[in-house]
Structures are given as C-alpha cells and as structure tokens.
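Contents: one structure, followed by commentary.
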Amino acid sequence: MNDTIENISNYLRTPILRLLACGSVDDGKSTFLGRLLLDSGNVYQDHLDALQKINRKYSPAIGEPELAYLIDGLKAEIEQGITIDVSYRYFFTRNRKFIIADAPGHAQFTRNMAVAASKSDVAVLLVDAASGIKSQTKRHLSILSMMGVNRLVIAVNKMDLVDYSELRFEEMKREIVGVVGTIYGSQCTFWIVPISSKVGDNVVRKSENMTWYDGGSVLELLETIELDKAQPSQFCLPVQYVTRDADKRYYAGTIVSGSVSVDDEVIVLPSLMKTCLRDLAVAGKPSGSANQGDSVMIELTDDIDISRGDKLVKSERRLMQGDTLSCQFFWFGEKDVIAKDVYELKFLSRKTRATVKQIKERLDLDSLQKTPATRLAQNEIGIASVSLSTTHYCLPFQESKELGSFLVVDIGTGETVGLGTVVSVEKAGRPYPYTTMIDKSMRASLKNQHPMLIWFTGLSGAGKSTIANLLEQRLYDQGYHTYLLDGDILRNGLNNDLGFDPDSRKENIRRAGEVARLMVDAGIIVIASFISPFVKDRKLVRSLFKEGEFCEIYVSTPLEECIRRDPKGLYAMALRGEISDFTGVSSPYEPPLEAEITIDASRCSVHEAVRNILNHLAED
Amino acid sequence: MNPVLRDLENESIYIIREAIAESQNPVLLYSIGKDSSVLLHLLLKAFYPAKPPVPLLHIDTTWKFKDMIAFRDRRARELGINLLTYTNSEGLRQGINPFSTSSSHYTAIMKTEALKQALDLHGFDMIIGGARRDEEKSRAKERVFSVRDMDHRWDPRSQRPEFWDLYNCRLMKGQTIRVFPLSNWTELDVWLYIHEEQIPIVPLYLAAQRPVVLRDGMLIMVDDDRFKLAEDEKIELKQVRFRTLGCYPLTAAIESNAKTVSDIVDEIFRVDRPERAGRLIDHDEPNSMEEKKVRGYF
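The following block contains the structure:
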C-alpha cells in the first residue's frame with residue numbers, strides 16, 4: 001500500500017456519515033452548504049468558473065459567485081431561484097466521507113423532508129440568529145423526530161448580523177433546548193453551534209469573532225460523530241431474490257438484524273417451516289457466518305417453498321404477526337386518502353394489497369396536536385388503520401426502521417402516494433393454515449406448469465363462457481392441466497342454496513374464489529367465468545392469491561350487444577320485469593379498474609380473443 | 621473491508637438484486653469504463669455462486685478506443701456472460717461521426733437514439749447503469765430507481781420519492797426504469813474499490829506514452845487512421861492517461877504519471893478539476909447534461 005492510501009486511512013476507517021441539511025426559507029441553508037464545500041476544499045476550480053458564467057446569465061447584478069448556486073442544480077431551479085427537489089452532495093475530508101441530502105424548504109415540504117431524513121444519521125438544522133426560531137423550524141423537527149433522526153447539529157446562523165453576541169446566542173440556545181425537548185423528549189443528542197455562513201465562522205474553521213464559544217465547528221462535529229453500533233438482536237433476513245444454479249436453490253438478501261452461521265436452524269415466515277443453513281456467501285465470498293448489514297446468499301438443507309418477501313428468522317416470536325396494522329401515514333398523493341381506498345403496500349422485498357380501514361387522526365405540525373380526522377390530504381401526516389390482504393410479519397418503526405416502514409403505491413397510476421410507519425398490530429392475522437410435506441410448487445412442478453386462476457368477468461351474454469371454453473381447449477391441447485369453473489355449474493351444486501340478492505352474489509363469488517384457491521394449490525390452472533358484477537367481491541378473490549397467480553379478464557361487450565345476442569332469453573325476461581336483480585337491467589355492473597386484460601367480444605372473434613390471452617399469459 | 625467501501629458495496633448489491641427481482645426483462649448497460657467495471661464486479665458478487673441472470677448491453681458508436689473494445693470482448697468471454705451490442709446503423713449510413721458532426725448532434729444520434737432503439741428492440745424494462753450522482757449536478761437530483769416514459773424521457777419535476785431501501789418498481793404501460801446502483805459512489809470511492817478488489821480496468825486509465833494531438837486546448841489521442849490532422853496540427857508522444865473513457869475523438873487525455881491504481885488515488889487527492897471536464901459533450905452549453913437526460917441520454 002502506498003503513502004496516499006495510508007494517508008487517507010482515517011477516511012476509510014470511519015463509517016460514512018449521511019446527513020441532511022434543512023432550514024426555513026431565509027435561514028441560509030444553501031449558503032451554508034456552499035460554504036461547507038468551499039472551505040473544506042470540495043469545490044473544483046472549473047465549477048467556480050462555470051458558476052460565474054451562470055451568474056452572469058441569470059442574475060447579472062451579482063458580482064461575486066453566490067455560494068448558494070453551488071448547491072442548486074437544476075435549470076428550472078436556477079431560473080426561479082428555488083430548490084424543487086432533494087439533491088445529493090458528496091464531499092470528503094481526510095477524516096470522513098459525507099453524503100448530504102439537501103431538502104428544499106417550501107414546495108412539497110413534507111415529502112422532501114421525509115425523503116432527505118429517511119437515510120440520514122444526522123440533521124444539520126439552520127436557524128437565523130436575528131429572527132429566531134420560526135414555526136417551520138418546529139415542523140422540520142417534528143418530521144425529523146417521526147423519521148427517527150435522533151442526532152442534530154443546530155447551527156445558529158447569521159451571527160455576524162447580531163454582532164457575534166454571546167448574549168443573543170445564549171438566548172437562542174435556551175429557546176432551542178426547550179423546543180427540542182418538547183418534540184423529542186429525551187430521545188435526541190444535539191449540539192448547538194453559533195455560525196456565519198457568509199463570513200465562514202465555525203462552519204469549517206473555528207471563528208475568531210466568537211472566542212467565547214469553546215465547542216467545535218460544524219465540520220469538526222460532523223467528522224467525529226459516532227454512529228450506533230449494531231445492537232445484538234435476533235436474526236432476521238427478508239428474502240430478496242431466489243435463484244437457481246445447477247439444481248441448487250439460493251436465497252439472496254441483506255440481513256436486517258442479528259447474525260447467522262452455517263448449520264444454524266432457521267424458521268421460514270410465514271410458513272413456519274424449519275430448516276438449516278447449509279452454506280453461506282457474504283458479498284460474493286464463501287463465509288462461515290454473517291452479520292447485520294451483510295449481503296448474503298444462502299443455501300438451505302431442505303428444498304422447501306420459499307419466495308421473495310418471506311423472512312428467515314431464528315425465532316418467530318421476535319416479530320409481530322398481523323393482518324391489520326395501525327400506522328402513521330405521510331401522505332403525498334394529490335388525491336386524499338380515505339377509508340375503503342385500496343393500495344399496494346411495499347415493505348422490504350414484499351408487496352401486498354391493503355384496504356384503508358379507517359383514518360383516525362391528523363397531526364397538526366404547528367401545534368403538534370392530534371385531531372380526529374376522516375381523510376388526509378397531500379403533505380398531511382396522520383394515523384390510520386390498514387387491513388392487509390395477507391398476514392404480515394413486522395416490527396414497530398420505533399424498534400426497526402427496516403421492518404416497520406412501507407411505501408403506499410397507487411395501483412392505477414403506479415405512483416408512490418404515501419409513506420407508512422408501523423405503530424402497532426391491531427389484529428393478528430389468520431395463522432398460516434397448514435404446512436404439508438408436499439406443497440404447491442412441488443405439485444406444480446410435477447405438472448410442469450404455473451398454477452393460476454384466470455377470472456372472467458362481464459355481463460351475461462358478453463361471451464365469457466365461449467372464450468373460456470376455447471381457452472381451456474387450447475391450454476389442454478398444449479398439455480396443461482386445467483379446470484373450468486363455471487358460475488352456472490356451481491349454482492347447480494355447491495351454491496344451490498344461494499339466490500341473486502347482493503349478499504348471495506357476494507357469497508357465490510367468495511365460495512368460487514375459495515374453490516379456485518384449493519385447485520390452484522393443487523397445481524391446476526383454473527379458468528373461472530362469473531358475471532361477478534361488484535368490484536369489492538372481485539378484489540376479495542384477488543386477495544386470496546399471490547401476485548402472478550391471478551389474472552382478471554374483463555369481457556367488455558356493450559350492454560346493447562348483449563341484449564341483442566341474449567342467448568338464454570334472460571334479458572327479454574328481465575326487461576319484461578319477470579326476473580329481478582338482473583345485472584345490467586335491474587342490478588348494476590361495476591367494470592374493473594385493474595383488469596389484466598380487457599376484451600370487447602363485439603369487436604373481435606373468439607379466436608382472436610383467445611390468442612390475446614395466450615400471448616399475455618406467455619409474457620408473464 | 622473498511623467500513624466506507626463495505627457500506628457502498630452492500631447498498632449497491634441490494635439495489636442490483638432489487639432491480640432484477642422486480643424486473644421482467646432486465647439489462648445491465650455496460651460502457652466498458654471504470655464505473656461499468658465496478659458495476660459488473662458488484663453484479664457478479666450479488667449472485668455468487670449463481671451466474672447473474674442478466675445480459676450486458678453495449679451501445680457501440682464504432683468510435684470507442686480500440687483498447688476498450690478488446691477489453692469488452694475479453695471480459696465477456698472470461699465471465700461467460702451474454703454480451704449484446706448495438707449500433708445505430710441508420711446514423712452510420714448518414715455518415716454521422718464525431719469529427720464533422722457537432723458533438724451534441726453526434727451524441728443525440730449515435731448514443732441517445734441508439735440506446736432508445738436498442739431498449740425498444742429488446743423490450744428491456746429495467747436498465748441498470750453505472751452513473752454516479754457526484755458526476756454532474758443534474759444527476760445529483762436523480763433517483764436510484766428513475767422512471768422513464770415511453771419515449772425514454774426523464775421528467776425531473778415528477779420523480780417518485782424514495783425512502784430508506786424501499787423502491788417502488790411498479791411500471792405502467794410503456795414505462796421503463798433506469799437503475800443506478802452506484803449513485804452514492806464518488807470517483808475516489810470507485811478507485812479505492814478497484815484497488816481493494818483488484819478489478820480489471822481498461823489500460824487507458826493508466827499513464828503511458830501515447831500519440832496525441834492538441835486540439836481546442838484538449839489532448840486528443842490518435843487511435844486510428846480516421847483521425848485527420850489539420851494543417852497546423854502534429855502528433856506528439858506524451859505521457860497521458862484518461863479519467864473517463866468515451867468516443868476517442870471526444871475524450872481528452874490528461875498528462876499524468878499515474879501508472880498504477882494507487883497513483884491514481886494519489887492524483888485525485890490533488891486535482892482541482894472534475895472528471896467529466898475531459899468529456900466534450902458535457903460542455904455544449906450550461907446545463908447540457910440535464911437537457912440530454914430529459915431527452916433520454918443515460
């Protein structure tokens with residue numbers, strides 16, 4: 001190793017410090033960051049030159065390069081003089097590597113603050129010595145505390161404007177200690193530093209204007225802050241990826257807590273099956289054991305059914321199991337969130353559908369008061385209860401950021417509309433029904449097929465059964481083991497106790513879904529054809545299956561065409577009032593919003609329809 | 621391994637695995653440079669002992685350094701990884717080239733357009749690349765998982781928020797995602813990692829006597845006979861190396877004595893100019909990288 005690498009051994013030995021910088025609009029955050037980079041020797045000469053070029057174009061009045069422009073990146077922002085999105089800065093000193101998340105102070109305030117806070121070890125919060133603590137500073141602190149950022153460097157900026165007065169600093173300090181105490185309680189370590197970004201006092205260099213201050217400069221503090229060592233805790237590995245190589249199955253993931261060694265017994269969640277660790281690699285190298293934070297690839301002694309999103313643990317009691325969670329929502333969507341909304345939640349490596357059961361409270365960031373609420377609007381924070389389509393193992397956010405947080409994704413647009421942190425489990429889920437020696441994947445592999453439910457919905461006479469029939473024929477011809485589950489046949493037997501009122505229709509669909517689930521578990525490709533007019537009922541069926549095991553096909557033939565066809569003469573009877581609750585005539589049909597395939601059978605032949613479906617299935 | 625590189629390595633492996641787990645048809649964009657070398661190394665680690673379930677794609681403008689192409693083919697052969705290459709043959713037919721075409725037009729046709737054509741041709745939905753946030757200021761705002769519309773355009777004003785290690789990979793019709801596992805690496809980290817892990821790199825990064833011409837204040841290497849000298853130009857042998865590698869007529873060399881990777885680390889500690897300064901395409905106008913990215917450049 002040569003001298004240089006020896007020289008920077010401090011840099012290499014000290015963990016990276018991820019920090020965010022925040023402050024109210026006029027508290028001088030960008031100038032502070034510019035000063036920090038400039039004085040620590042992290043600005044290249046040609047950046048300074050380019051800066052002067054830009055300054056001439058956009059604000060000819062400014063003579064010397066404005067430090068803030070070193071920070072504000074995007075063109076739209078330079079033109080408007082504002083920061084619109086979180087940006088990242090990298091700088092290093094001989095002693096440490098730093099990653100700064102720069103959170104803009106105004107537009108999309110909650111969202112950007114939460115993004116920047118999410119991976120940060122430390123927050124640098126700027127307050128203005130002249131104007132004091134603003135209400136936005138309190139909002140910043142609240143979000144930092146909710147996101148679990150428990151180390152703060154609070155920089156009292158613009159000390160040059162108050163004549164570097166120690167008296168003023170002491171006054172500010174008392175106020176800050178009070179506010180931090182109110183928001184954090186005792187759960188926070190913080191430092192308060194008097195600085196002037198404009199002049200450069202106490203940012204990187206110790207100030208000669210404030211000899212009364214005996215603490216370190218902001219950079220000195222940041223270079224020496226120690227991060228928490230991993231606490232000894234129970235082993236947990238969320239399975240991120242399953243891969244095969246030469247008949248062996250490997251499970252990849254990052255250990256979120258604890259450690260594991262070869263030959264250890266592990267439990268798979270949620271199936272509760274037990275197995276042993278046969279072999280282990282850490283970041284591409286064989287290893288006997290692995291610890292928190294390691295990227296591992298493991299091999300187990302038994303070939304059991306484990307998929308992405310399952311967890312490996314040593315004791316299942318460490319985690320909470322539930323299908324209804326109480327959580328804190330940070331809402332970013334343009335549309336308000338209210339009860340009964342359905343979203344996809346993305347936990348670490350695991351996606352699940354969830355219905356919002358109830359919005360309970362909204363948190364007022366100014367007063368820190370909680371008030372009862374029934375909806376949350378964009379950039380609001382509140383408490384909600386969500387019910388998950390499958391039971392989930394997690395921990396409260398307070399105990400584990402990794403196992404206690406999730407994204408809320410809008411199924412229709414694909415956008416991330418919220419962030420959730422787990423407060424508690426409200427209701428334990430249905431325990432995993434049973435474990436058998438022979439499981440679904442083994443039955444399926446015997447048949448050499450991917451079992452799934454293909455669900456046709458649409459009006460009576462739309463062409464569902466005709467298409468379903470031909471589809472089954474084609475699949476059968478290709479050697480697949482199928483079963484066609486038809487609404488009429490089910491109503492003649494299993495469901496002959498049910499009528500056509502909404503409750504009976506709901507039960508009809510529920511039973512059909514459960515029957516299909518058993519058949520899919522048996523390894524069969526099930527084709528179901530049901531009018532299934534209600535969104536809610538179809539969602540219920542969908543929730544019984546894993547992703548990729550359910551395909552909804554909406555046969556959207558228009559009502560007029562169905563009435564014209566009327567193969568069973570039912571529309572004529574319904575229109576004469578001879579049968580009641582008839583879908584499309586005297587009972588509504590709610591078209592699906594998220595069907596995998598939509599087919600208008602009045603615009604294509606049955607053969608074309610089946611070809612489309614087969615193409616779609618082949619793609620997946 | 622020291623905590624800095626270990627932290628970065630774990631983060632990158634997690635991102636690579638997540639991208640491939642969530643993708644129907646992933647690809648790793650391989651540009652042959654040092655960042656791609658690190659990315660490829662991380663890809664191998666992420667799936668060891670299994671083989672990475674993803675092909676490499678190289679957009680070949682036909683103007684890369686000869687040493688780069690030789691290195692590319694050798695690495696793919698050694699590793700037994702499927703390497704796809706793509707050239708915009710229509711651009712080639714029109715005679716677009718880095719000497720007589722403006723650098724911005726050349727880049728648009730032979731790189732940006734070629735990339736879009738290749739992605740559409742293969743229908744890749746998750747495209748893993750080696751870009752780093754510290755390279756250029758518009759990259760500083762880009763997400764790790766960056767959604768592109770059906771024309772491969774980036775909209776810096778509507779990006780999905782990212783929290784901790786949670787990434788929303790849901791794709792709507794026509795959308796694709798560019799994934800940047802090296803987002804948090806700096807040039808220094810890349811070289812320290814190459815040093816630590818002894819990762820093979822193209823020899824052009826290391827100083828050697830090479831034939832160069834001084835043109836517009838930049839040292840351009842004469843890599844083949846397509847380089848036509850102007851009247852007042854002459855070829856000189858100089859001790860040079862490259863901080864980044866691209867098309868040879870558009871990539872400036874720096875005079876350097878750094879003959880080993882640790883010499884390079886030493887040099888980075890003392891330089892006062894950013895690494896992409898040697899890339900002519902970045903300097904067409906202020907904010908030029910942001911505009912290229914909006915149009916689909918990597």
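So the protein lines, in turn, are chains A and B. Be aware that the first sequence starts at 1, since it is given in my numbering, and climbs by one per residue. Be aware that the second sequence starts at 621, since it is given in my numbering, and climbs by one per residue. Glycine included, C-beta positions come from ideal geometry on N, C-alpha and C.
Notebook entry, point to check: For chain A, is any of its Cβ atoms less than 8 Å away from the one on T806(B)?
Noted result: As a first step, residue 806(B) must be located in the second sequence, where it is residue number 186. For T806(B), the nearest CB of chain A lies under 8 Å from its own CB, placing it at the interface with that chain.
Notebook entry, point to check: Should I338(A) be flagged as near chain B, meaning a C-beta pair shorter than 8 Å?
Noted result: The residue you call residue 338(A) lines up with position 338 of the first sequence. No, I338(A) lies away from the interface with chain B (no Cβ there is under 8 Å from its Cβ).
Margin query: Within 10 Å of its beta-carbon, does P533(A) have 16 or more other beta-carbons around it, so buried, or fewer, so exposed?
Written below: Here residue 533(A) corresponds to residue number 533 of the first sequence, with the count starting at 1. Buried.
Checklist line | Residues of the stretch 281-311 of chain A with Cβ closer than 9 Å to any Cβ of chain B, in chain order | finding: Listed in sequence order: A281, A283, G284, K285, P286, G293, D294, S295, M297, E299 and R308.
Next item on the list: For the stretch 711-764 of chain B, list the beta strand (DSSP E) runs that are entirely contained and at least 3 residues long, ordered along the chain.
Entry: For the stretch 711-764 of chain B, the continuous beta strand (DSSP E) assignments of 3+ residues that do not extend past its boundaries occur at 746-748, in sequence order.
Notebook entry, point to check: Which ranges would you report for the alpha helix (DSSP H) in the stretch 567-615 of chain A if only whole runs of at least 4 residues count?
Noted result: Inside the stretch 567-615 of chain A, DSSP marks whole alpha helix (DSSP H) runs of 4 or more residues at positions 570-575, from first to last along the chain.
Check: Whole beta strand (DSSP E) runs in the stretch 808-865 of chain B with 3 or more residues, listed along the chain?
Finding: As far as the stretch 808-865 of chain B is concerned, its whole beta strand (DSSP E) runs of at least 3 residues are 828-835, 838-841 and 856-861.
Next item on the list: Would you list the one or two residues that DSSP bridges to I454(A)?
Entry: In the first sequence, counting from the first residue as 1, residue 454(A) sits at position 454. Paired residue(s): I527(A) and C551(A).
Notebook entry, point to check: Smallest Cα separation from D264(A): which of L272(A), L280(A), T254(A) and S271(A)?
Noted result: Start at 1 with the first residue of the first sequence, and residue 264(A) comes out as number 264. Measuring from the Cα of D264(A), the nearest candidate turns out to be L280(A).
Note to self: Please state the DSSP three-state secondary structure of S299(A).
What the structure shows: As a position in the first sequence, residue 299(A) is number 299, starting the count at 1. Looking at the sequence itself, residue 299(A) is Glu, so the reference to Ser does not match. In the structure shown, E299(A) adopts extended strand secondary structure according to DSSP, grouped into three states.
Margin query: For the alpha helix (DSSP H) containing I143(A), name the first residue and the last one.
Written below: The residue given as residue 143(A) occupies position 143 in the first sequence. Unbroken alpha helix (DSSP H) run through I143(A): S135 to M146.
Next item on the list: Out of M210(A), R308(A), T243(A) and S465(A), state which residue places its alpha-carbon closest to the alpha-carbon of A666(B).
Entry: Locating residue 666(B) in the second sequence gives position 46, where the first residue counts as 1. The shortest C-alpha separation from A666(B) is found at T243(A).
Next item on the list: Within the same chain, show all residues whose beta-carbon is closer than 7 Å to that of I636(B), passing over the 5 residues directly before and after it, in chain order.
Entry: Taking the second sequence and counting its residues from 1, one reaches residue 636(B) at position 16. Excluding positions up to five away in sequence, the list reads L662, L663, A666, I748 and P801.
Next item on the list: Could you name the residues of the same chain whose beta carbon sits closer than 6 Å to that of T352(A), not counting the 5 residues immediately before and after it, in chain order?
Entry: Looking up residue 352(A) in the first sequence gives position 352. A distance below 6 Å between beta-carbons, with the five flanking residues on each side excluded, links T352(A) to the following residues of its chain, in chain order: L345, L388, S389 and T390.
Notebook entry, point to check: Rounded to a whole number of angstroms, what is the C-alpha to C-alpha distance between L739(B) and Q779(B)?
Noted result: For the purposes of this step, residue 739(B) is taken as the residue at position 119 of the second sequence. For the purposes of this step, residue 779(B) is taken as the residue at position 159 of the second sequence. Their Cα atoms are separated by approximately 21 Å.
Item checked: Contacting positions in the stretch 788-813 of chain B - beta carbon closer than 9 Å to chain A -> So the list reads N788, C789, R790, L791, M792, Q795, S803, N804, W805, T806, L808, D809 and L812, given in the order they occur along the chain.
Check: Taking any Cβ of chain B, which residues in the stretch 12-24 of chain A have a Cβ under 9 Å from it, in chain order?
Finding: Close to chain B, meaning a Cβ-Cβ distance shorter than 9 Å, are the following residues of the stretch 12-24 of chain A: L12, R13, T14, P15, I16 and R18.
Notebook entry, point to check: Taking contact to mean at least 3 C-beta pairs separated by less than 8 Å, is the stretch 303-322 of chain A in contact with the stretch 372-387 of chain A?
Noted result: No, they do not touch.
Next item on the list: Anything in chain A within Cβ reach of V823(B), meaning under 7 Å, just list it in chain order.
Entry: If you number the second sequence from 1, residue 823(B) lands on position 203. Here residue 823(B) turns out to be Pro, not Val, going by the sequence shown. Per Cβ cutoff of 7 Å: no residues; P823(B) is ~19 Å from chain A at best.
Next item on the list: Step through the CB atoms of chain B and report whether any lies within less than 8 Å of the CB of G404(A).
Entry: Here residue 404(A) is taken as the residue at index 404 of the first sequence, counted from 1. No, G404(A) does not count as interfacial toward chain B.
Next item on the list: Go through its chain and collect everything with a Cβ distance to D121(A)'s Cβ below 8 Å, but skip five positions before and after it.
Entry: Taking the first residue of the first sequence as 1, we reach residue 121(A) at position 121. Only L17, R18, L19, V149, R151, I225 and L227 meet the Cβ criterion.
Checklist line | 8 Å Cβ cutoff met for A21(A) and D102(A) | finding: As a working mapping, residue 21(A) is identified with position 21 in the first sequence. As a working mapping, residue 102(A) is identified with position 102 in the first sequence. It is a contact, given that the beta carbons lie within the stated cut-off.
Next item on the list: Indicate whether P672(B) and V647(B) have their beta-carbon atoms separated by less than 8 Å.
Entry: The residue labelled residue 672(B) in the question sits at position 52 within the second sequence. The residue labelled residue 647(B) in the question sits at position 27 within the second sequence. In this structure, P672(B) sits away from V647(B), with a CB-CB distance that is not shorter than 8 Å.
Notebook entry, point to check: Taking Cβ-Cβ distances below 8 Å as the criterion, which residues of the stretch 85-110 of chain A are in contact with chain B?
Noted result: For the stretch 85-110 of chain A, which is checked against every Cβ of chain B, the residues closer than 8 Å are D85, V86, S87, Y88, R89, Y90, F92, K97 and I99.
Check: What does DSSP give as the partner residues of D486(A) in its beta bridges?
Finding: Position 486 of the first sequence holds residue 486(A). In DSSP, D486(A) forms a bridge with S529(A).
Check: In chain B, which residues lie with their C-beta within 9 Å of the C-beta of A114(A)?
Finding: The residue given as residue 114(A) occupies position 114 in the first sequence. Residues of chain B passing the Cβ test: P781 and F783.
Notebook entry, point to check: At a Cβ cut of 8 Å, what residues of the stretch 628-648 of chain B count as close to chain A, listed as they run along the chain?
Noted result: The residues in question are L628, E629, N630, I633, Y634, R637, E638, I640, A641 and Q644.
Notebook entry, point to check: For Y184(A), which of helix, strand or coil comes out of DSSP?
Noted result: The count along the first sequence starts at 1 and reaches residue 184(A) at position 184. Y184(A) falls in the helix class under three-state DSSP.
Note to self: Under 9 Å, CB to CB, which of the residues in the stretch 731-753 of chain B have a partner in chain A?
What the structure shows: Residues passing the 9 Å Cβ filter: R752 and R753.
Note to self: I need the boundaries of the alpha helix (DSSP H) containing Q473(A), first residue and last residue.
What the structure shows: Here residue 473(A) is taken as the residue at index 473 of the first sequence, counted from 1. Annotation: the continuous alpha helix (DSSP H) that includes Q473(A) extends over K464 to D477.
Check: According to the neighbour-count rule (16 or more other Cβ atoms, all chains shown, within 10 Å of its Cβ), is F91(A) buried or exposed?
Finding: Within the first sequence, the letter at position 91 stands for residue 91(A). The Cβ neighbour count for F91(A), taken over all protein chains shown within 10 Å, is at least 16; the residue is labelled buried.
Note to self: Counting only C-beta atoms, is L446(A) closer than 8 Å to chain B at any point?
What the structure shows: Along the first sequence, one-based indexing puts residue 446(A) at 446. At a cut-off of 8 Å, the C-beta of L446(A) has no neighbouring C-beta in chain B.
Next item on the list: Quick one: grab the DSSP three-state call for F92(A).
Entry: Reading the first sequence from its first residue, position 92 is the one you call residue 92(A). F92(A): strand per DSSP, three-state reduction.
Check: Expressed to the nearest angstrom, what Euclidean distance is found between the alpha-carbon atoms of G837(B) and P286(A)?
Finding: By one-based count along the second sequence, residue 837(B) stands at place 217. By one-based count along the first sequence, residue 286(A) stands at place 286. If you take the alpha carbons of G837(B) and P286(A), they lie about 50 Å apart.
Checklist line | Residues of its chain near S165(A), where Cβ-Cβ distance is below 7 Å and the 5 sequence neighbours each way are ignored | finding: Here the question's residue 165(A) lines up with position 165 in the first sequence. Result list for S165(A): empty, nothing under 7 Å.
Item checked: Boundaries (first-last residue) of the alpha helix (DSSP H) holding L446(A) -> Against the first sequence, residue 446(A) aligns to sequence position 446. Where L446(A) is concerned, the enclosing alpha helix (DSSP H) stretches over K440 to K447.
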